[in-house]
Amino acid sequence: MLGLFKKKANTLLGIDISSTSVKLIELSCSGGRYKVEAFAVEPLPPNAIVEKNIAEMELVGQVIAKLITKARTNVKNVAVAVAGSAVITKTIEMDAGLTDDELENQLKIEADQYIPFPLDEVAIDFEVEGPAPRSNDRVNVLLAACRKENIEAREGALAIAGLKAKIVEIEAYALERAYELLTEQLGHAEDDLTVAVVDIGATMMTLSVLHNGKIIYTREQIFGGKQLTEEIQRRYGLSVEEAGLAKKQGGLPDDYESEVLNPFKDTVVQQVSRSLQFFFAAGQYSDVDYIVLAGGTASITGLDALVQQKIGTRTVIANPFANMTLSSQVSAGALSSDAPSLMIACGLAMRSFD
312 MLGLFKKKAN TLLGIDISST SVKLIELSCS GGRYKVEAFA VEPLPPNAIV EKNIAEMELV
372 GQVIAKLITK ARTNVKNVAV AVAGSAVITK TIEMDAGLTD DELENQLKIE ADQYIPFPLD
432 EVAIDFEVEG PAPRSNDRVN VLLAACRKEN IEAREGALAI AGLKAKIVEI EAYALERAYE
492 LLTEQLGHAE DDLTVAVVDI GATMMTLSVL HNGKIIYTRE QIFGGKQLTE EIQRRYGLSV
552 EEAGLAKKQG GLPDDYESEV LNPFKDTVVQ QVSRSLQFFF AAGQYSDVDY IVLAGGTASI
612 TGLDALVQQK IGTRTVIANP FANMTLSSQV SAGALSSDAP SLMIACGLAM RSFD
């Protein structure tokens with residue numbers, strides 16, 4: 312079984328393996344308040360991850376080992392995630408009286424109708440969601456299936472760093488869990504809110520719309536901060552590393568803002584607006600209460616204000632750590648600047664307390 316929904320009580324590191332970096336969060340919790348015990352971010356070499364799959368397991372393992380040293384943590388158990396695009400989920404109705412073992416056996420018999428891969432190549436997990444609406448003696452069961460190679464690559468990379476994958480989850484569920492921490496930022500209870508979380512990574516932008524704290528719509532598109540890095544490279548004759556550093560730390564020529572950064576910010580607004588139009592076109596909603604910007608690109612100064620001004624929807628930058636305390640070894644400044652890109656890592660670390 313895949314372990315997408317299993318519950319564990321021990322401390323887990325949340326490790327998010329994205330296309331250009333690996334991010335780690337370790338949390339503790341007392342009196343209902345979270346504390347950040349450790350955090351680190353480490354870049355990945357180009358092409359170590361291709362389309363959200365690990366292409367170079369050894370390299371990724373070495374980067375994770377470096378990450379552990381940097382974070383100064385001795386926790387060995389990890390929660391990791393696979394991309395939603397790598398997972399098939401399906402809600403099916405089953406008899407209400409079945410035990411977990413009986414459900415599992417029944418699902419294995421029925422799964423091949425729903426899964427377009429040979430069953431020996433996939434890992435399967437399920438969670439009973441509650442009574443089926445049409446009949447009291449039936450329950451809705453969420454079935455999730457993922458190619459084993461996706462999971463084994465993550466387990467293998469972690470093993471190289473001396474770590475053990477205790478939980479493999481879907482990114483969307485980790486995001487949903489971390490979103491609970493943003494509701495205070497949004498100023499009222501999540502109950503009736505429809506919120507668009509736009510996660511803009513290096514190469515991929517993911518729109519997740521949540522209603523009542525649950526994801527109701529997801530859309531991925533190829534677009535990200537890498538386009539800005541490439542434009543800096545091209546215009547100023549820098550290497551990838553130099554351009555990436557300059558983007559973060561500054562020191563670029565005077566025309567950077569007007570010629571490169573502002574046009575890129577305008578492009579981001581267009582992409583966010585376009586993604587939302589796809590969501591509205593799907594029918595049920597014509598508006599969202601908030602836009603939350605996440606991912607590394609969200610840290611660009613003034614981007615939230617520009618999105619709010621052009622789209623007309625209140626816009627905030629995701630910071631799941633706003634109400635947490637920090638251990639003495641965690642730099643508040645570094646955590647704050649990386650916060651928008653740490654939503655998934657944070658949601659994974661929260662699995663320790665499920």
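Here the numbering used here is used: the first residue of the sequence shown is 312, the next is one more, and so on.
For each residue, glycine too, the CB sits at the ideal point set by N, CA and C.
Outcome for residue i when other beta-carbon atoms lying within 10 angstroms are tallied against a minimum of 16
i    : result
F744 : One cannot answer for residue 744 here, as it falls past the ends of the chain, which runs 312 to 665.
G548 : exposed
S663 : buried
K559 : exposed
P357 : exposed
I435 : buried
G342 : exposed
S446 : exposed
L355 : buried
M312 : Residue placement at M312 is poorly supported in this model, since its pLDDT is 47, which falls under 50; the coordinates still yield a value, given next. The residue in question, M312, is exposed, as its Cβ has fewer than 16 Cβ neighbours within 10 Å.
S550 : exposed
A366 : exposed
P631 : buried
CB contact flag (residue i, residue j, <8 angstroms)
i    : j    : result
S638 : K346 : yes
S584 : I622 : yes
L378 : E353 : yes
N476 : R488 : It is worth fixing the name first, because residue 476 is Ala in this sequence and not Asn. Against a cut-off of 8 angstroms, the Cβ pair of R488 and A476 comes out as no contact.
A660 : I420 : no
T505 : L518 : no
M654 : S586 : no
V479 : V393 : yes
G372 : A443 : no
C-alpha gap between residue i and residue j, whole angstroms
i    : j    : result
N461 : E404 : 27 angstroms
A349 : S642 : 9 angstroms
R545 : G441 : 54 angstroms
M368 : A376 : 12 angstroms
A605 : Q532 : 15 angstroms
E438 : N321 : 21 angstroms
H522 : Y601 : 11 angstroms
A470 : P429 : 26 angstroms
L572 : G562 : 13 angstroms
L614 : N388 : 36 angstroms
Y484 : M635 : 21 angstroms
Residue nearest to residue i in terms of C-alpha spacing, selected from the options
i    : options                : result
E541 : I527, E531, A557, I526 : A557
A645 : L587, A382, E415, S341 : A382
A390 : D406, A507, L474, T384 : L474
I543 : N385, V618, A656, S569 : S569
Q620 : K576, D665, E482       : K576
N385 : E415, L323, L430, H522 : L323
E413 : Y596, V452, N388       : V452
G524 : G535, L486, G536, Q424 : L486
I526 : I360, Q538, V508       : V508
Closer than 7 angstroms: residue i CB and nearest the ligand NAD heavy atom
i    : result
V618 : Ligands in the displayed structure: none, and consequently the ligand NAD is not present.
Between the segment 439-458 and the segment 394-406, can you find at least three pairs of beta-carbon atoms closer than 8 angstroms? Yes: at least three Cβ pairs fall under 8 angstroms.
Would you check if the segment 502-513 and the segment 326-345 touch, i.e. whether three or more CB-CB distances between them fall below 8 angstroms? Verdict: yes, contact present.
Can at least three beta-carbon pairs, one atom from the segment 484-498 and one from the segment 404-418, be found at a separation below 8 angstroms? Contact fails: fewer than three Cβ-Cβ distances are below 8 angstroms.
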